[in-house]
Every structure is written in structure tokens, then in C-alpha cells.
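Asker:
Residue numbers (this note's numbering), protein chains in the order written: chain P, 334 to 696; chain H, 334 to 696.
1. Who are the neighbours of residue 526(H) on chain P, taking C-beta pairs under 7 angstroms?
2. Is residue 448(P) near the ligand FAD, with its Cβ less than 8 angstroms from a heavy atom?
3. Measure the Cβ-Cβ separation of residue 575(H) and residue 544(H) and say whether it is below 9 angstroms.
4. What are the residues that DSSP puts in a beta bridge with residue 485(P)?
5. Where does residue 582(P) fall in DSSP's three states?
6. What does DSSP give as the partner residue(s) for residue 395(H) in the beta ladder?
7. Can you find the residues in the same chain that come closer than 7 angstroms, C-beta to C-beta, to residue 662(H), ignoring five residues on each side of it along the sequence?
8. Could you confirm whether any beta carbon from chain H is found closer than 9 angstroms to the beta carbon of residue 395(P)?
9. Could you tell me if residue 453(P) is buried or exposed, where buried requires 16 or more neighbouring beta carbons within 10 angstroms of its beta carbon?
10. So, is the C-beta of residue 413(P) closer than 9 angstroms to a C-beta in chain H?
11. For the segment 462 to 473 of chain P, enumerate the residues whose C-beta is nearer than 7 angstroms to any C-beta of chain H, in chain order.
12. For residue 560(H) and residue 432(P), I'd like the C-alpha separation in whole angstroms.
13. Could you check whether the Cβ of residue 362(H) sits closer than 9 angstroms to any Cβ belonging to chain P?
14. How about residue 591(P) and residue 614(P): are their beta carbons less than 9 angstroms apart?
15. At the 9 angstroms Cβ level, is residue 669(P) part of the contact set with chain H, yes or no?
16. Pick helix, strand or coil for residue 684(H), following the three-state DSSP scheme.
17. Which same chain residues end up closer than 8 angstroms to residue 540(H) when comparing Cβ atoms and leaving out the 5 residues on each side of it in sequence?
18. So, residue 659(H) versus residue 505(H), is the Cβ gap smaller than 9 angstroms?
19. Determine the direct distance from the alpha carbon of residue 500(H) to that of residue 406(H), and round the result to whole angstroms.
20. If I measure Cβ to Cβ from residue 507(P) and keep anything under 6 angstroms in the same chain, skipping five residues before and after, which residues do I get?
21. Using 8 angstroms as the Cβ pair cut-off and three pairs as the minimum, do the segment 615 to 624 of chain H and the segment 569 to 587 of chain H touch?
22. Measuring only between beta-carbons, confirm whether residue 347(P) sits less than 9 angstroms from chain H.
23. Would you call residue 448(H) buried or exposed, if buried means 16 or more other Cβ atoms sit within 10 Å of its Cβ?
24. So, is residue 596(H) buried or exposed, given that buried needs 16 or more other C-beta atoms within 10 angstroms?
25. According to a CB-to-CB cut-off of less than 7 angstroms, which residues of the segment 582 to 601 of chain H neighbour chain P?
26. Thinking C-alpha only, which one of 520(H), 462(H), 611(H) and 553(H) is nearest residue 566(H)?
27. Can you give me, in chain order, the residues of the segment 373 to 395 of chain P that have a beta carbon less than 9 angstroms from any beta carbon in chain H?
28. For chain P, find out if any of its Cβ atoms is closer than 9 angstroms to the Cβ of residue 530(H); answer yes or no.
29. Give me the subset of the segment 603 to 623 of chain P whose CB atoms are less than 7 angstroms from a CB atom of chain H, sorted by chain position.
30. In three-state terms, what does DSSP make of residue 588(P)?
31. What is the residue span of the beta strand (DSSP E) that residue 555(P) lies within?
32. So residue 654(P) packs on residue 365(P), CB below 8 angstroms; how close in whole Å?
33. Counting pairs of beta carbons, one from the segment 592 to 611 of chain H and one from the segment 418 to 431 of chain H, are three or more of them closer than 8 angstroms?
34. Pull up the distance between the alpha-carbon of residue 645(P) and that of residue 538(P), whole angstroms please.
35. Note down, in chain order, each residue of its chain lying with its Cβ closer than 7 angstroms to the Cβ of residue 393(P), except the 5 sequence neighbours on either side.
36. Taking 6 angstroms as the limit between beta carbons, can you name the residues of its chain near residue 651(P), skipping five residues before and five after?
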């Protein structure tokens, strides 16, 4: 601060004017004016206004976001699941036994029903076969290489282009207001870290996710971390507040999810003292993206939707609240879209569509 | 950047001058001039000099520090161990069975030898009895309250005043050069987070440590995280690179430890590409602090010392390299010190001195 008392006074006055609101009008251009956008701007203005009743010091401005269905598309299958299926196909020639062993036999035959019938046991075997038995560095290369080639079956785009533009703007707006933005996802942390910084502006150390166990080894005298075929932690549901506490050690003041898997994270966020923001993305837009909630096996939004309405959490209606869903590269939205119907009301649809190229039809 | 090409050119020239070296002379006032200090300054200058061969972008400047014996005193007992013993004494009236059950009986009798004889099983029971069965918020209060009262048996100071002044300066110097400083400790993460920001300037989200399992619960409709009597992860030895990968997702370029428990962290750091710094604090100063290495059961420095010498890692000789060990509040160093002898060459000394007030004598 300068030594001149008049200049000091002017600066103090200027500093106390909340600039956030006017800046925000430009910071969230893909959001339609409405309750959701207003609630976001109001909250950020409140916690950043020095001297205000709801002010929160910058160090405590922790914001946590779910990933699948909150920051990028999760339908018709979680991207990581598609990666796992593709990996099995790539590895199949080295595993002749997979022709008869489940869940691999069904994957290789493209038999969706039989694959689904292998249940959780099948899912775990699939993830372990596709995600373990290599070093962390090798796995990172596999993810990068796959993402560079894979395309979403409906949008015919790399998955990393299927981040929601309004959410990218929200992440940037929060960071511009000195929030630390975290991802807290059920997805594998090492599946996300190779691209979250480029796509979301979220660095690896702010990505929290599910993990397999790893083991430190010296290979030819060179240290390596081997990914073991053993689950370490599932970062979903009640695991999310556990992970937030373990990794961040502070309670978020702002959290965004889209499914029942995010309920406990939102409850944990809401239970803190002072100003709080809890948000849900509600997928209501079958034309531009997908429409699903209570009956979807991927991203089921049921209990959390009830609780959000009871407690006044912000529910973003994708169709109503978002001016556009994806970024500029999509051109006028709708152009690339050939809606294949809503995936809601399709229980058990999570393992549908076994290839990245097939567009799942209606059941 | 301004639009004026001459001013732009001048700014570019100014920006390319490595200011780090001259700033550092003041940034590390408690370090004696010598090889260790020079190596630190050289490294920081190298990785921050834009355009230089060893330049590292700010986002990748990750520095990891062990805690016990690297940033604060770990003799004659780990501080957290003293906390656990005190906690047992406080809880004893509610546990009449402890009068006969080990390891509690020996703790309550102050019988060091018998306590040591309970071995790892005893240690785990002690930690579980003293560290679990409460919410994370309750545990944080216990730690804060204890630290406010407890005193180190020799220095008669709160433990939080026993941070090494030269290391505090090093942490600040790194941060001033856009490093992100992390603690990676075998100690409990929730034992450290309540005070690391005040003492070290390291925020909770940059503290990695050992953990017990926690469970999300609704208590009277209010979410809480219960600390369970079950080990989740031991962040020591080969666990350190595992944790660094899990929590940070980037390899450090700078790491500091003081014992064999830090060897794998240093190996992992050293194995990355580009400029690297690995450092060890060698406790050589029985007068101002303690002198111990190969034969100490606390902070044993044996294999890592050999490897450091082989590979040219920086070994800080506390006696020679540090102008002062503790902060200003200690006055002229030595004043408060009544050396009770070196603890080196005392195998099995880790459980000695069962009360915070007793000064352990020579064996």
C-alpha cells in the first residue's frame, strides 16, 4: 500500500467493490441467465467480498467436481469402461484362454447380455486385466495413445472434446476467484491425470479418484511403480468424503456432481460452517446430449435429486440452463447430433454397446 | 507485455537475468556458506532460469520433505509417539482392563523395557487405542489441545517450536521460486495437518502421511468421518513413492529426508529426467540438537547415507552447515541446551523415556 493517505483511501474503496459480479457476466457466457447462473455468481461474490459476512479466505476456497457426467459425457458408457473393453481386444491374441473365460469371452464375442451376467466379479476382472500388470508410466502411455485415437460412438469426436463448455467456464471462473478446483471421481486417478490439466486446467495433484495398489520396485536398478491387480480404493459414494478428507484435509465450500454417487460429497460439503454451494447437473437434453436420471444405471440421479430439492441445492437443467453444451469446435450445436433417443428408463444399461463404434439403439 | 517494442525488449532482458542467486544469499541466512548451501542455490537457480538448459516449468517444481528429523526434532521419541503415550494415560481411568493388558500396563507403569517387548503388535494397539474411535474433527481438537500444552523433555519448549530454522528458510526459499512444497511423512497425516500451515507454511492439502481408515456416517443426520482402529496406509520407505504417485501424480524434482525411511523417496526423485536434487539431514550435533545415524532406532541413517555418498546426493552436516538450529525465540543457541548425551549407538532406544517430562539418561 502507498504511503499517501488519500491514495490509500481510494485504493481501499476500490478494493472493497465486488468486481466479481460484473466480471462473471463474461466469465460464464455459455450459461443462460437463470437461477443456476445467478446462484453461482451470488455465491462467488459472497465468499470473495472482503469484509462481507460470508467472506472465505482464499486458502479455504476448495471446490470439488465429480467427473463423469458432471464435467464430460458419461453415456452411453463410462469412457474408462470403453478403454477397458478396447484393451481386452488388443490383448486378446496373447490370452488364448480368454476365448472361454468370462468376462473376456463375452467381450470378445460382443455379447452384451452375457457380459452383464458376469456382474461385479466380471467387472473387477475386466478392470484388473486391462489396468494392472504394467508400470504407472506404461499405463499413462496406454491412456494417452488410446485417447488420441478413440472416438465417441455418437458424437464422432475424441472423448476429450466432450467436456461440457459451461463447466469449463465455471472451473475457470472459480480459479479466477482464487478457488482451488479439484476433481473427485469414481474413475481411476491414473486414467484421468494424463489429460485433466489440458482439458480442465486441473493439475494432476488436484485429481482424486479410484486407485489400484501400486508397488515400488527396482527394475535393473531403476525405480518403477508397478500397478497391481488389486483394488486400493473406490472413490464413490461414501468414499468421496473419505477421499476428500484424506487427500485435501479441508472441507470443500463448493461441490458439483450429477448422480447419487455424489450425494455424500454434497452432504459433507453442506455440513460445514459458513457459505456453501452444492450443485447437480441434471441431464435433461436428449437432443444436444442425453436425458437420464432416476432409472439410468450410469449416472443414476434419484436420491440426490430428492435431497437437492428438499435442501435447496442448485439443480442445473442442462436443456434450460446451458446455452451450449460443448465447445466452439462443435460449430452450431446440433449439427453433429443425430439423437439416438434418451437412455433414461433403461435399467441395467451400463454394459451396453460393447464397441466404441456401435451406437446403442433403444432397448 | 507493453506494446512499446523498446520497453518490451528491456523487460525481456530484465526477466532473463537470474535473480535467484543474489536473493538466495538472504533467503538462507541460517545456513553457513558451504557445499550444501551452494548446491541448493545452484539447483534453484538452474531450474528457474528461463531458457536455461535445466529450466523446469513452475507447475513441475514439486519438492517433498520428510517431517520427523528433517523438519523438526524426532529425538528422543517421535512426537506423535509421546502424544499416544499421554493419550493412554488420559484415557486410563475409563479402561480398568489396561492395568493388566499390554501394551497399556507397561505404559501406565512407565516400564520401558516391558513396553518395548510388546513389539510391533503393542505399537499398533497403542496407536489404535489412542488415535481411533473418534471423528476426524474430534481428533484434530485432541492434537491441537495436546500441542498447546506438551513440552519437549530436553528443550522445554512446545514441539512446534522445534522446527529447524534452516529448513523453514529452505521451504520459504523454494516457494518464493514457485515450488510447491509437500510433506511426505511416516507420521499420521491428521496429526500433522492441524499445525503444518502455521509452522511450515505447508497447507493441509500438501501434507501426505500415514492414515487410519475412516468411515462416513450420518450422526443425528449430520455427516461425520469416524476414525477406525484399522491401518489404511503406512507412508514410509517404499510407501513414500507409492504415496507421492497417488497423491501428487507428479515426480518431485527436489526431495529431502534424514533416514533410511526416505531412501525410496530419494531414489524415485533421482530417477526422473532433467535436473534433480536429493538431500539428507545428517544429525551430527549433540550439543545443539542430537547426534545419531547408523545405530539409532529412531531415524536410522545407514543405507541412505551410503547411497547418498555413492551418488553425490547432498548430505547436510548439521553441525557444520547450520548457523543455528532453531528459531529466534531460542535466543543465542546453546543457552537452553543441557546436552544429555548423544543418542547414537543406542539400538532399541525408540521407546525410551515414557513421559514427556523425563529426560532420558544414557543407557
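Backbone N, C-alpha and C define an ideal beta-carbon position, used for all residues, glycine too.
Answerer: Answer, in terms of the structure:
1. 582
2. With respect to small molecules bound, the structure shown includes none, and the ligand FAD cannot be examined in it.
3. no
4. Answer is none; residue 485(P) lacks a bridge partner.
5. coil
6. 513(H)
7. 494
8. yes
9. exposed
10. no
11. 469
12. 45 angstroms
13. no
14. yes
15. Reliability fails at residue 669(P), whose pLDDT of 44 lies under 50, so the model's placement of it is uncertain and the value that follows must be treated cautiously. Cβ-Cβ to chain H under 9 angstroms: no for residue 669(P).
16. Only weak support is given to the placement of residue 684(H): the predicted model assigns it a pLDDT of 40, under 50, and the question is left unresolved by the model.
17. 515, 516, 518, 522, 525, 526 and 529
18. no
19. 12 angstroms
20. 396 and 514
21. no
22. Because the pLDDT of residue 347(P) is 47, which lies under 50, any placement of that residue in the model is unreliable, and the question is left without a value.
23. buried
24. buried
25. 582, 583, 597, 600 and 601
26. 520(H)
27. 392 and 395
28. yes
29. 604
30. strand
31. 555 to 566
32. 6 angstroms
33. no
34. 32 angstroms
35. 583 and 586
36. 616, 617 and 618
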